[in-house]
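A.B. asks: Protein chains in written order, with our numbering: chain A, -2 to 507; chain B, 46 to 633; chain C, 54 to 536; chain D, 564 to 670.
Ideal Cβ positions, reconstructed from N, Cα and C, are used throughout, including at glycine.
Keep in mind it's a predicted model, so treat the numbers as computed, not measured.
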Amino acid sequence: MNAILLGILALPMLAALALWALPITLGDRLAALYGAVVSGLVLVGSVLLWQRTEGWFAYSELQPVQQLGPNARPLDAVTDVPWIPPLNVRFHIGVDSISVPLIILTALLTFLCCIYSLKITPRIGRMRSLIALLLVIEAGVIGAFSAMDLVLFFVCFEIVLIPMWLIIDIWGDDHDPAGRKRAATTFVLMTVFGSALMLLGFLLVYRQAGTFDLVQLTNSPVLGGHGIPLVAALLVAVGLAVKVPLWPLHIWLPDAHAKAPTVGSVILAGILLKLGTYGLIRILVPVLPDATVTIAPYLGGFSTVAIIAGSLACLGQTDLKRLIAYSSVGHMGFVGLGIASLSDAGMKGALFANIAHGIITGLLFFVAGAIKDRHDTSDLRTIGRALYARLPRIGALLTFACLASLGLPGLAGFWGEMLVLLGAYDPSAALPQATFRVFMVVAGLGTVLTAAYFLRLIRNLCQGDPAENPASAFAVDLSRIELITWSPLVVLTVLLGVWPGLLLHQWGIL
Amino acid sequence: MIATVWRVAGVGFSLLLVLIAALLYGAAPEQASFLNSQIGDLTIGFAVRTDDLTVLLLAVVGVVATCVQVYSLSYLHERASSYHALVTLFTAAMATVVVSDSLFLLLIGWEVMGACSYLLISHYWERRDARSGAVKAFLMTRLADVGFLFGIFVLGVGAGTFRISELDPARISPGVLTAGTLLLLVGVVGKSAQVPLQTWLPDAMPGPSPVSALIHAATMVAAGVFLIARLYDVFSASSTTMTVLAIIACVTMLFAALCAMAAVEVKRVLAWSTVSQLAIMFSALSLGTREGRHAALFHLVTHAAFKGLLFLCAGVLLHQVGSAAFVVLRRYTRRGVLRNRLRVTFLTMTVGLAALAGVPGFAGFFSKDTVLEAAWDHAHHDGSVIGWVVLASVGLTASLTAFYCARLWLWVFFRSPALAGAIGAFEVDDPMADLEDPDTSKLKDASWLMLGPLVLLAVGALGLGYVDGLHLNWAIALGSTVLVLFGVLPAYSLWSRGADPRPAVLERELGVDRAYHGIFVGPVRWLAKLSVLGDRDVIGAYVRAAGRSGTLASQGLRLLQTGNVQTYLTGAVVGVVALAILAGVIAR
Amino acid sequence: MTLTWTDWQAIAVPLVLAIGAVAVLLIDAFWRSATVQLRHTVVTLLTGAVILFGLVFVWAQRDDFKPAFCRPVVEGPAECSLVFEPLTAGLWGVLLIGGLGVVGLSAYRLLSADIPVGEYHFLLLSALVGATTLAGARDLATVVIGLEVVSLPSFALVALRRDRRGSEAALKAFLVSVLSTAVMLFGISYLYGVTGSLHLVTIANRLTGLDPDMKRVAFAAGLFVVVGFAFKIAAVPFHAWLPDTYVGAPVEVTAFLAVVSKSAGVAGLLVLVVTGIAPDGSDLRLVIAILAAVTMTVGNLAALRQREAVRLLAWSSIGQVGFLLAPLAVGDAQAVVGYLAAYVIVTLGAFGAVAVVQRHRPAGLLSDYRGMVRSEPGLAVALIFFLVVLAGLPPGLAGLFTKFAAFQAVIDGHLGWLAIVMAVNVMIGLAVYLRWVAELFLLPADDPFSVDIETPAVVMVSLFTAAAVVVSVLPSTLFALAT
Amino acid sequence: MPLVLPLLLAVVLFCLGVYGVLSRRNAITILMSLELMLNAVNLNLVAFDAWHLDGLATGQTLAVFVITVAAAEIGLGLAIVLLLFRGHGHVDADAARDLVEHEESAT
C-alpha cells in the first residue's frame, strides 16, 4: 500500500520534471496525452488505495478527547522517515478514509483536465508546461491530503501556489492581461499570507506539544481553550480560512476563478479549496479541540455570513465564471458551518460537501468554460440568452449542474448540505445550541438564495427568445471530448446523490 | 427517435405504476430499508413501504399519469423528448414520495418533483411568463422545503429515527412534536400552495396543460395532503398544529375560491379551484379524526379525476383554439361554434365542472359531503370549534365553487342571451374586440389520443363517488345541494344579464403577489447589489488599499534614496536616537 | 607557565588565507613574464585552493573546540580572544563557501574586465581573513580588527575598476562604514569603561552584576555596538548606502558585498549576541528585533517597485537581512547559520545569472529577462529556482525551511509580533520575486535574451543550482552547519 | 582629575565629529571629522584604562589599535577621494549622485 501512495506522489512530480526536461519539442496533443496517461495511472493508484473501512484514524468524539473512537482504524500506506532531524520534521505520510476520497477526487479531476486538454487547448498554447504544472499541482495536493506531519502538510500546501499562479497568469483570460495578473497575484499573496499565519499556528502547537506529528498530536492533543492554544487555533483557522475561502477572506477567489483557464478553474475550485477545509478537519479540530470549541461559534458565524453573502453576490453577478466562483464561497460556507458544529453529522456533512462540491463545481466550470470558449467571453449580457436553442445539450448540462449545485435532493450536492444543517441543528454539546440553530435557519434561507441565483442564471442564459438571440457561427454543441470528460462527473453526481452511503459508510461511526 | 423512446418509456412507466398498484392491492403492508448509513445515533438511508395509502395513491398517480402521457402524445410535438422524460421523472418522484418510508427518500421525491415542475413549467422557455412562473414556483416551494427539512430534523432527532413507520408520537416530547409538525406543515403549505404561499400555483399556468393536469391532479400539490395523511398520527397528536392547519385551510379555501371567481382565464380559474379544493382536503385532515382523514383522501381521489379532466379539457381548448382566456373563447362562443365543434370536450368538461361544483350524483358531491359529514360529526359530537369552523367554511366554499364553475361553464360555452352577439363583459378591455371574428371553419375537436383520456377521466369523475359505498347523510346532502344552488343561481343570473362584475381587489388577488414582490424580491435584489458593492468597495478596497499602500510606500522609500551620502548618514544618526528612545520606551 | 597560549589549529584558516593573499599579490606583481590569461588562471586557482583548504579544514575539525590567544584568569574559565568551535565552524563554512563562489564568479567576468587580477584576489582573500577572524573573535579588540579587515578591502574592491561609478560607490560605502566603526568604537569604549574588560565572556559576567545606572550606560554602549554592525549589514535605517553601492560596483564585487561582507557582519553580530553582550531578555535583543522588523519591511517594500535587477537584489538582500536578524534577536545560532547558508548559495546563484545577462545587456533592467524561459530555458529555470528559494516557497525548500526555522526561533522566543511582521513580509517578499519570475515567463517577447553562454558561467551557475537543489532536497544539511 | 572631565571632553569631541560628518560637503573635511570621532574614542579608552588601573592596559592597547585602524582608514579614504576627484573633478561628498535611481527608468 505505501508503495502505491509513494508512487502516486512521485509519479506526477517526476513526470512533470521529465516533461519539462525533454529536449524535443512536443506537440500540444502529445503533451496532453502524456499527462492523461500519467494522471490516469495516478487515478488507478488512488482507487487502489480505497478500502472499505469504518471510521478514520484520527478523529474521535470530542469528549473525551484523549481516546480514539472505538472504530478508529490505523492509517494505511504509512511511510514514516526522518526528514529534517534538527527541526524535528518527519516525512510521514499515510491515508485513511477521509483522505482517500479526496485523493481520488484530485486524481480524477486532474485526469479529466488532461483528457479535456487533448482536444481543447487554451489559445496561447504552451500545453507542455500547462500539463506539467497540472501534474505538479496534483502531486502537491495528494501530498497535502496524505501528510501526517504538520510541516509536510504546510510544504505540500505551498507547492501548489506557484504552479497555480502561473496557470492563471499565463493561460488566463487573454482579453485582460492586467486583470489576470492582478487576479493571480492577489490569489498567491493572500494564500501565502494565510499559510504563513497557519505556520505560526503550527509552531505554537509545536511549542506546546513538542512534535509536528499529526498522529501523536491527535492522540494527545493540545488542550486548553484559552491562551496559547487559542492563539494557535486562531492562526491555523485564519490561515486555512483564506484557502477555504471564508468570508471576508474570499476576495481573491472570484477574480482568480474568473480569469483562470478552464482547467485552472476546475482544479482551483474542485481541489485546491478542499485543502483548506481538509486542514480544518484534519488539523484544527483534533489537534486543538478545546480551542476549537472556543472559536467554533465564530467560525460558524462567518461561515453562515459566507453562505448568505456569497449567494447574494451571485445574484448580482453578470459574469458566468464569477458567478460560479461566488457560488463556491457559499458552498464552502456550508462546509465551514459543518466543521464548526463539531458534531458527527456536521463533520461528515462537511466532508461530503467537500467531495460533492469538487465534482459539481468541476462540472460547472467545465460547462462554463465550454460556453466561454464558444462565445469568447463569459459576460452574460454578451453571450445573450436562449442557450437552449443554440446549444441545447450544453444548456441541459448546465441546468443539471446548477440543479445539483443548488442542493437538489437526489443529487450529490444535497447530502452534504443536509448533514451540515443537521449538524448545526444538533451541534456538539460544548457549543451554544441556540446560536447554531440560528445559523441553521439562516443557512437554510441561504439554500433558497442559492436556488434563486442558479435559477436566475438559467433564466438569463439558457432560456429566452431564440429569435432575439441568434446562434453564432461557431456554436457547436457538445463535442465528443466534452461528453467523455464530463460524463464521469455527471455519473458521480447522480451516484453520490442516490447512494450517499458510498462515502458515509467509509467514514463510519465517529 | 429519442423522443419516441421517451414517449414509449413514459407511457410504459405510468402503466407500470398502475400495474404495481393493482398487484399490491390487498397485499399485507410491508417495509424494507436499504443503503443505510449511520451518523452518530441516527440512521440515514432509504426505506420503502406498501400499505393501503400507498396503493391508493399509486393507482391515482398511475392512472392520471397514463392519461397525461397518452394525451401528450398528440398534444405536444416540440421538445418532446425532454418533456416526456421529465414527466416520467416527475411521476417517478411522486411514486417515490408515495412508497417512501424514510423521510429523506420522501424529501428526495418531494424536491425532485419541485425541480421537474420547474423544468416543465418553463417548457415554453421562450415565453416570459413561463420563465418567471417557473422560477417563482421553484423558489416558493424551495423556501417551504427548507422548513420541511428542518421539520424532518426536529422530528427525526426528537424521535431518534427518520423512518416514518417508527415515528411514534408517544415517544416524542410535545414541544418537539409541535415544532416538528409545524415545520413540516410549512413544507406542505408551500407544496400545496396554501395561504400564505399560494401565489406560485396560478402563475405556473403557462406550462403545458397536461403538466398542469399532472401537477394539480395527482402529484406535487397532492403530495402535501398525502404527507399529512401519511404522518397522521404524528400530526393529530399536536393540537396546535391541527388548529393552525385548520385556520390555514379555511382561509385558503375561501380566498382561493374568491380569486377563482374573478379570474378570466380557464386555467387560472382551475388553478385557484385546485388551491381551494386542496384546502378542503386539509380542513378535513385538520379535524384530526379517522373520518376526516378518510374524507380527505376520498376527496383527493375524486379531485384527481375531475381536476385532471378539467385541465386536459383546458388543454384541448388551448390546443384547438390557441388560448384559454375567456375573451378569446368568447369570440368563438359568440358564434356558437365552441360547443358544437368541440362536442366531446364540452361534454367531458361539463362532467368535470359538475363534479367540481358538487352537483349531486357526481363524484365531487359525494366526496365533499364526506368532508362535511366528518366536520359535522366532529363539531356536533365532540363539540369542537374547529369542526364548526370547517363546516361553515366548506359550506361557504361549496357555494362559491358552484358559482365559479357555473360562471366558467356558461361564459365559455354559451352565448349570453341578453347580449347575444354583442359586447360581453370580457370584451370591454380587449384591444382585439373590434377585429373581425376569428376564422372558425378549421375548428374541430381534438384527436382521439387526446379525447380518450378525457373520456376515461370523465367516467372517473362520474363514477368514483360511488366507489366508497353509498352512505349519504341526507341532511347534509340536502344542505350542500342547496348551497350549490345558492352559488349557481347568481352566476346564471349575472351571465344572463351579460354582466361579470369582478371586484378589482379580487382580480388583483388581494395584492398578495405584489406585496411579496415588494417585501421579498425587492430587498433581496437590493441586498444582492449591496453585497456585490460591498465586496468591491469594502473588502476589495481593503485588499486594493493594501496593495496600493505597498506601492506608495515603495515610492516613498525611493524618494528617501536621494543619492546624497550625507542624507543617508543623517538618517542613520536619527535612526540611532530613535532606536534608543524606542527601546527605552518599550523596556519601561 | 606561559602568559598566553594558542592552539595554532584554531587560527590555521585565517593564517593560510593571509599567506595565500600575500602569495597571490606577489605572483601577480612579479610574474610579469606570463600572459594575463595564464596569470589569471594561476591566481584564481591558487585563491580557490586556499579557500578550499580552509573549507576542508573546517569540515575536518567541525566538532572540535580549539581556543587561541588565551590567558588564565584568577577565577572562572580562561579568557580567549579567538575560538574555534562548532558555531565558528558553521560561520566559517558559510563565509568560505561564499568566498569560493565569488572567486568562481570572478573567473567568468574578469576575463574581459579592466580589473587587476592580483589585487582583486588579494583583497578578496584579505577580506576573508577578516571575516573568519571576526566569526571566531571573542574579544572586542579582535572584533574591531576583524571588522576593519573585512571592510577596508571591500571598499577597495568596489573602487577597483577606478571609474566614476566605482569611486562614488566606494565613497558612500566607505563613509558610512567608517562612521559606523567610530560609533561602534565609541560604544566599545564605554563597555570597557563599565566592565573593565574587552573579553566577551568577562563582559557578559560583569554585566549581570552592575548597578542600574551602570546598566543603563552599558545598554547605551551595547546599542552603539549593535548599531555599528547594523551599518555593516545594512539594517534599516542604516541601509541607504547599499543600493547605490551595489549598483555602482562590478557585479561580482556586488556579489561579494552581498555574500561575504554581509555574512561577516551577521557573524560578528551573532557572536556578540550569543556570547553575552545581549543576554536573553535584554533590551538589546529587543532593539535587534525592532531592527529586524523594520529592515525586512522596508527592504521588501522598496524592492517591490524596482526595475533594475541588481537594485532589486540589493533591496531584497536588505529584506533578507531582516529575516536573518529575527532569529538573531532570540540568539538562535542554528537558525541564523542555516538561513545564512541558504542565502549565500542562492544569492551567489542569482548574481551569477545576473552577471551573465548584464554582460550582454548592461542596462540590467528586469525587462531584459522577458521571455527567457523559452529563449534561455536553462538559465531561466536556475534563476527562477534561486528567486523561489529567496521567496521561501516550494520548490525552493531551502528557503522555505530556513524561513521556517527563523519563524520557529521567533515563536520559541515569545516574539509573537515579530512573527506576524515576518508573515506579512513573506507575502511582500513573494510579490517582489514573483514580479521577476513573471517577466521570465512572459511570452511572446520581442527580442528575448538569447546568447551563447560561456562555459565558466554555465559551470558556475550549474554548481550553484546543484547546491541549491541539494540543500532543498536535504534541508537538514543547512542546519547541520551549526549544532 | 575626576573621570568625568575626560569623558565629557570625549563626548564633545565625538559630537563635533558627528556634526562635521553630517554638515561638511568636502570629503576631506569629513574624513577629518571622522578622525575627531576616533580620537574621542581613544580619549575614552585611555581615561577608563587609568580609572580601572588595568594591569594589562587593555584600554591603551586598544587605543593603539584604533590609531592604526584610523591611519589605515584615512589612507584608503584619501585614495577613494582621489579617485573621486579624478572622476568628478571635485571632492564634494553630496554632489556624487550618479548612482541614484533615475525616475525615467522607473516608468
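Any beta-carbon of chain B closer than 8 Å to the one on residue 656(D)?
C.D. replies: For residue 656(D), the answer is yes, since a Cβ of chain B falls inside 8 Å of its Cβ.
A.B. asks: Does residue 26(C) come out as helix, strand or coil in the three-state DSSP assignment?
C.D. replies: Because residue 26(C) is not part of the residues shown, which for chain C are 54 to 536, the question remains open.
A.B. asks: For residue 430(A), count neighbouring Cβ atoms within 10 angstroms of its own Cβ and tell me buried if that reaches 16, exposed if not.
C.D. replies: Burial call: exposed.
A.B. asks: Over what stretch of residues does the beta strand (DSSP E) that includes residue 92(B) continue unbroken?
C.D. replies: Its beta strand (DSSP E) spans residues 87 to 95.
A.B. asks: Quick check: what's the CA-CA separation for residue 221(C) versus residue 201(C)?
C.D. replies: Their backbone Cα atoms lie some 20 Å apart in a straight line.
A.B. asks: Find out if the Cβ-Cβ distance for the pair residue 154(B), residue 166(B) is shorter than 8 Å.
C.D. replies: Not closer than 8 Å, so no.
A.B. asks: Give me the DSSP bridge partner(s) of residue 81(A).
C.D. replies: Partner(s): 86(A).
A.B. asks: Terminal residues of the continuous alpha helix (DSSP H) containing residue 514(C)?
C.D. replies: Element bounds for residue 514(C): 508 to 526.
A.B. asks: Determine the extent of the beta strand (DSSP E) in which residue 77(B) is found, giving its start and end residues.
C.D. replies: From DSSP, the beta strand (DSSP E) with residue 77(B) extends over 75 to 84.
A.B. asks: Residue 370(A): which of 99(A), 118(A) and 15(A) sits nearest, CA to CA?
C.D. replies: For residue 370(A), the nearest C-alpha among the options comes from 118(A).
A.B. asks: Which residues does DSSP pair with residue 208(B) in a beta bridge?
C.D. replies: Partner(s): 147(B).
A.B. asks: So which residues on chain D does residue 607(B) lean against when the C-beta distance must stay under 8 Å?
C.D. replies: Near residue 607(B) (Cβ distances below 8 Å), the residues of chain D are 660 and 663.
A.B. asks: According to the Cβ coordinates, are residue 365(B) and residue 491(B) closer than 8 Å?
C.D. replies: Closer than 8 Å, so yes.
A.B. asks: What would DSSP say about residue 170(B), mapped onto helix, strand or coil?
C.D. replies: In the structure shown, residue 170(B) sits in coil (DSSP, three-state: anything other than H, G, I, E or B).
A.B. asks: Measuring CB to CB, does residue 340(B) end up less than 8 Å from residue 408(B)?
C.D. replies: Cβ distance not < 8 Å, so residue 340(B) and residue 408(B) don't count as in contact.
A.B. asks: Within the segment 590 to 628 of chain D, note down every full alpha helix (DSSP H) run reaching 4 residues or more, in order along the chain.
C.D. replies: Those alpha helix (DSSP H) runs which fall completely within the segment 590 to 628 of chain D and span 4+ residues are 590 to 615.
A.B. asks: What residues in its chain sit with their C-beta under 6 Å from that of residue 140(A), if we drop five residues either side in the sequence?
C.D. replies: Once the five neighbours on either side are set aside, the close Cβ partners of residue 140(A) are 6 and 153.
A.B. asks: Taking only three categories from DSSP, how would you classify residue 290(C)?
C.D. replies: Coil, per DSSP.
A.B. asks: State the DSSP-derived secondary structure class of residue 206(C), mapped to helix, strand or coil.
C.D. replies: Residue 206(C) falls in the helix class under three-state DSSP.
A.B. asks: Give the range of the alpha helix (DSSP H) segment to which residue 489(B) is assigned.
C.D. replies: Looking at the DSSP string, residue 489(B) is not in any alpha helix (DSSP H), and its letter there is neither H nor E.
A.B. asks: Grouping DSSP H, G and I as helix and E and B as strand, with all else coil, what is residue 134(C)?
C.D. replies: Here residue 134(C) sits in strand by DSSP.
A.B. asks: Does DSSP put residue 124(C) in a helix, in a strand, or in coil?
C.D. replies: Residue 124(C) falls in the strand class under three-state DSSP.
A.B. asks: Quick check: is the beta carbon of residue 359(C) nearer than 8 Å to any beta carbon in chain A?
C.D. replies: Output row for residue 359(C): interface = no.
A.B. asks: By the three-class DSSP mapping on this structure, what secondary structure does residue 57(A) have?
C.D. replies: With a pLDDT of 44 at residue 57(A), under the threshold of 50, the predicted position of this residue should be treated as unreliable, though the coordinate-derived value follows. Coil, per DSSP.
A.B. asks: With DSSP collapsed to three states, give me the class of residue 341(A).
C.D. replies: Looking at residue 341(A) - three-state DSSP - the assignment turns out to be helix.
A.B. asks: Hey, residue 358(B) and residue 401(B) are a contact pair by Cβ (cut 8 Å); roughly how many whole angstroms apart?
C.D. replies: Not confirmed; about 11 Å, so no contact.
A.B. asks: What are the start and end residues of the alpha helix (DSSP H) that includes residue 31(A)?
C.D. replies: Element bounds for residue 31(A): 25 to 46.
A.B. asks: Count Cβ pairs between the segment 439 to 459 of chain C and the segment 396 to 413 of chain C that sit closer than 8 Å; are there 3 or more?
C.D. replies: In short, these stretches touch, since the Cβ pair count reaches three.
A.B. asks: When the Cβ atoms of the segment 175 to 195 of chain A are set against those of the segment 203 to 221 of chain A, are three or more pairs found closer than 8 Å?
C.D. replies: At 8 Å Cβ cutoff, the stretches do not touch.
A.B. asks: Under 7 Å Cβ-Cβ, which residues of chain B neighbour residue 499(C)?
C.D. replies: Residues of chain B passing the Cβ test: none, with the nearest at roughly 27 Å.
A.B. asks: Cα-Cα, which of 356(B), 290(B) and 94(B) is closest to residue 313(B)?
C.D. replies: It is 356(B) whose Cα lies nearest to the Cα of residue 313(B).
A.B. asks: Find the residues of chain C that neighbour residue 587(B), judging by a C-beta separation of less than 8 Å, and give them in chain order.
C.D. replies: None at all; the shortest Cβ gap to chain C is about 14 Å.
A.B. asks: Assuming residue 146(B) contacts residue 94(B) under a Cβ cut-off of 8 Å, what Cβ separation, rounded to an integer in Å, is found between them?
C.D. replies: At roughly 4 Å, the Cβ-Cβ gap stays under 8 Å, so residue 146(B) and residue 94(B) are in contact.
A.B. asks: Quick one: what's residue 210(A) bridged to in DSSP?
C.D. replies: Per DSSP, 146(A).
A.B. asks: Note down, in chain order, each residue of its chain lying with its Cβ closer than 6 Å to the Cβ of residue 670(D), except the 5 sequence neighbours on either side.
C.D. replies: Because the pLDDT at residue 670(D) is just 39, under 50, the model does not fix this residue reliably, and the value given afterwards should be weighed accordingly. For residue 670(D), where only same-chain residues beyond five positions count, there are no Cβ hits under 6 Å.
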